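Down below is the structure, laid out as structure tokens.
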Amino acid sequence: MDKVIPLSTPTMNGTEIKFIQEAIDTNWVAPLGPNVDAFENELSAYLGGGHVAALSSGTGAIHLALKALGISDGDVVFCSDMTFAATCNPIKYERAKPVFIDSEPESWNMCPTALQMAFAKYPQAKAVIAVHLYGTPAKMDELNAICEKYGVPLIEDAAESLGSTYGGQQTGRLGDIGILSFNGNKIITTSGGGALVCGNEDVVKKARFWATQSRDPARHYQHSELGYNYRMSNISAGIGRGQLTTLDLRVAQKTAVYNRYKAAFEGRCGSEYIRLNPVPEGCTPNHWLSCLTLESGCPVSPLQIMEMLEGERVETRPLWKPMSLQPYYSACDFISAGKPVGHDLFSRGLCLPSDVKMTEDEQAKVCEMILGML
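Read in our numbering, the sequence shown has 373 at position 320, and its numbers run on one by one without any break.
Below, the structure written as structure tokens:
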């Protein structure tokens with residue numbers, strides 16, 4: 054192929070420039086401003102409620118969520134094992150102790166049984182961070198019930214799942230504090246950015262305070278607490294406002310990509326070795342990334358498929374390498390209900406090109422190339 058088929062890239066809809074131009078015309082290009090306020094309100098409306106703080110990254114949102122919950126030196130925080138490092142790095146920012154919880158096969162997300170085992174081992178745990186992997190919601194009813202049993206708050210990492218629903222409710226509003234990401238490869242982007250979402254307005258006000266260098270309300274620059282430079286710019290928020298207008302369309306387009314993979318692989322020679330990332334009942338994923346795993350006996354490995362597609366200018370990526378397998382986190386405890394599910398998925402899986410600008414013909418060629426190796 055002459056053209057690169059990307060994994061997932063930003064998709065502009067044309068309305069972003071209106072909000073950006075307004076910011077430029079009014080010379081409001083610095084952090085904060087009308088677009089930031091409006092973006093927060095529009096996100097809240099889309100999510101069906103909650104207060105929102107627009108921030109410079111999803112990582113910053115997780116960090117401030119942990120601070121809001123009082124996490125500090127030596128506190129145990131349970132965290133999904135199969136995720137990107139940004140989910141758990143903020144635990145270390147606060148000098149707390151991450152304990153990683155294995156996945157379950159139905160959604161690839163945090164296993165409720167393993168979480169229950171973790172509480173039995175660490176009854177003093179102070180928080181849980183559960184991820185909606187690749188846009189598929191975790192088993193939030195079960196995870197919330199366990200957290201409520203132990204009186205421990207749940208941070209919902211919805212960085213990959215904006216637009217997904219669980220039981221009819223938007224993700225980001227299913228835990229005590231939700232976090233969103235608008236990084237460049239997410240379903241909508243602000244070029245870089247994130248948000249903290251919470252039903253408690255005081256938590257969000259405190260997050261905004263910390264995010265603006267904890268500047269006290271004084272005429273001079275006065276700081277009574279440690280602060281951070283985590284607020285979103287007015288330009289970035291303008292991009293986000295434009296992007297939000299077509300979020301539902303992007304979810305539909307990502308879902309169409311997933312369904313085309315499913316149809317292309319069904320019943321074909323070699324398809325017995327292919328399994329797409331699962332869709333549990335009771336939820337509607339945004340299908341941010343379509344992924345596959347290879348079943349036992351498959352004549353090729355995920356790496357061989359990725360290398361072949363790379364040679365044809367098709368971008369892929371391994372599944373997230375679990376945090377318990379990362380060198381930096383190797384000394385941290387890992388809780389599994391049996392054979393580690395996340396470790397197994399990582400060894401057998403890959404992320405397929407999921408860009409909504411990929412044509413149906415291009416996607417069909419990708420499928421034919423994969424099936425041709427099996």
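The beta carbon of each residue, even a glycine, is placed where N, CA and C say it ideally should be.
The structure presented is a predicted model; accordingly, all values stated were derived computationally and were not measured.
- For GLU209, the beta-bridge partners assigned by DSSP are ALA183 and GLY231.
- From the listed residues ALA138, ALA121 and GLY103, the smallest Cα separation to LEU378 is found for ALA138.
- The alpha carbon of ILE358 has as its nearest neighbour, out of ILE388, ILE327 and CYS385, the alpha carbon of ILE327.
- By a beta-carbon distance limit of 8 Å, ILE154 does not contact PHE172. Their separation comes to about 10 Å.
- For GLU325, same chain residues with a beta-carbon under 8 Å away, outside a window of 5 residues either side, are GLU348 in chain order.
- Secondary-structure assignment with DSSP links THR337 through a beta bridge to THR218.
- Secondary structure of PRO158 (DSSP, three-state): coil.
- Between the region 399 to 415 and the region 175 to 185, the count of Cβ pairs shorter than 8 Å is below three; the stretches do not touch.
- In the DSSP assignment, SER133 falls within the unbroken beta strand (DSSP E) covering 129 to 133.
- The residues ALA76, SER286, ASN287 and ILE288, in chain order, have a CB closer than 8 Å to that of VAL82 in the same chain once the five nearest residues on each side in sequence are set aside.
- Taking C-alpha positions only, ILE115 is separated from PRO165 by approximately 21 Å.
- Between ASN236 and GLY245, the gap from beta carbon to beta carbon is short of 7 Å.
- In the DSSP assignment, ARG328 falls within the beta strand (DSSP E) that extends over 327 to 329.
- Ranked by Cα distance from ALA106, the first of SER125, GLY86 and GLY123 is GLY86.
- The DSSP-derived three-state label of GLN223 is strand.
- The alpha-carbon of LEU279 is positioned some 21 Å away from that of GLY247.
- In the three-state reduction of the DSSP assignment, ALA248 falls in the strand class.
- Secondary structure note for LEU345: its beta strand (DSSP E) is the uninterrupted segment 344 to 347.
- Within the region 90 to 141, the beta strand (DSSP E) runs of at least 3 residues that lie entirely inside it are, in chain order, 104 to 108 and 129 to 133.
- SER234 is the residue among SER234, ILE182 and TYR187 whose C-alpha sits nearest the C-alpha of LEU96.
- Between PRO63 and THR242, the gap from beta carbon to beta carbon is short of 7 Å.
- For GLY402, no alpha helix (DSSP H) run applies; the uninterrupted beta strand (DSSP E) run containing it begins and ends at 402 to 404, by DSSP.
- Contact annotation: VAL332 and VAL367 have beta-carbon atoms that are not nearer than 7 Å.
- Only buried fits LYS307, as 16 or more other CB atoms lie within 10 angstroms of its CB.
- Taking 7 Å as the cut-off, the beta carbon of ILE240 is found closer than this to the beta carbon of ASN339.
- Listed in chain order, the non-local C-beta contacts of GLU201 below 6 Å within the same chain number zero, local neighbours out to five positions each way being set aside.
- Annotated as distal: GLY364 and ILE73, with beta-carbon spacing of 7 Å or more.
- Under the Cβ criterion (8 Å, minimum of three pairs), the region 211 to 223 counts as touching the region 186 to 193.
- Here VAL57 is exposed, its C-beta having fewer than 16 other C-beta atoms within 10 Å.
- Between PRO143 and LEU108, the C-beta spacing is not below 7 Å.
- With a contact defined as Cβ atoms closer than 8 Å, LEU345 and LEU329 qualify at about 6 Å.
- Taking each of PRO84, PRO59 and VAL409 in turn and checking the Cα distance to TYR281, the smallest one comes out for PRO84.
- Counting other Cβ atoms within 10 Å of its Cβ, LEU302 stays below 16 and is therefore classed as exposed.
- Beta-bridge pairing by DSSP links ARG284 to LEU108.
- At the C-beta level, THR369 and LEU424 stay beyond 7 Å of one another.
- DSSP places ILE240 outside both helix and strand once states are collapsed to three, so it counts as coil.
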